[in-house]
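Residue numbers (the numbering used here): 411 to 542.
As C-alpha cells, this is what we get:
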C-alpha cells in the first residue's frame, strides 16, 4: 500500500528519518485533502524505519501497540514526515537486550507541507521484545 501511495523513505540514519508522501489522486479523499490513513502510513514508516534499522541483527520482535494522531491543517501538498527519536529507540533496544524484558517507546513524527506548516503529528507506541 505504501508503494502504491507513493510513500518513500528520503533520509534514514540512526538518529532520524524522513518519509514523503505525494498529494495525488489515489491519496485524496472526497474533501480534496489527503486521506488520514495515508498520512498515518507515512508517519508509521518514519518511526518504523528507525526501529527496523536499529533492531537489525538484534533478535528483537517489534509491534505497533498504539497510534495517537492530531491533524492541524488539511494536507493538500506533498507531505514530509520527520521522526527524530532515534535515541529513544536505541535506549529501548539496549534495555530489552540487557534485561530480557519487553519495553515500549513512544516515537513522534510530524508531517510538514511544502510551506513547512505542520499539518499532522503522530505519537506511535512501539513494543520491543527479545525473541527466545
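Idealized CB from N, CA, C, for every residue including glycine.
Taking the continuous beta strand (DSSP E) assigned at residue 531, which residues delimit it?
Unbroken beta strand (DSSP E) run through residue 531: 528–540.
Using DSSP bridges, identify the partner residues of residue 471.
For residue 471, DSSP records a beta bridge to 539.
So, residue 493 versus residue 460, is the Cβ gap smaller than 8 Å?
Contact: yes.
Of the residues 426, 424 and 420, the one placed nearest residue 432, counting alpha carbons only:
Cα-wise, what sits closest to residue 432 is 420.
Would you identify the three-state DSSP class for residue 514, choosing helix, strand or coil?
Residue 514: strand per DSSP, three-state reduction.
Closest by CA to residue 429, which one among 416, 475, 441 and 443?
Check the Cα spacing between residue 429 and each of 416, 475, 441 and 443: the tightest is with 416.
So, using beta-carbon positions, are residue 465 and residue 457 closer together than 8 Å?
For residue 465 and residue 457, no; Cβs fall outside 8 Å.
What separation, rounded to the nearest whole angstrom, lies between the Cα atoms of residue 510 and residue 527?
Here the C-alpha atom of residue 510 lies approximately 41 Å from the C-alpha atom of residue 527.
How should residue 519 be labelled, buried or exposed, when 16 other C-beta atoms within 10 angstroms of its C-beta is the threshold for buried?
Label assigned to residue 519: buried.
Terminal residues of the continuous beta strand (DSSP E) containing residue 436?
Counting along the chain, residue 436 falls outside any beta strand (DSSP E), and DSSP gives it neither H nor E.
Please classify residue 414: does DSSP put it in a helix, a strand, or coil?
In the displayed model, residue 414 falls within a helix according to three-state DSSP.
So, using beta-carbon positions, are residue 474 and residue 534 closer together than 8 Å?
Their beta carbons are under 8 Å apart, which means residue 474 touches residue 534 by this criterion.
According to DSSP, simplified to helix, strand and coil, what is residue 455?
Judged by DSSP in its simplified three-state form, residue 455 adopts helix.
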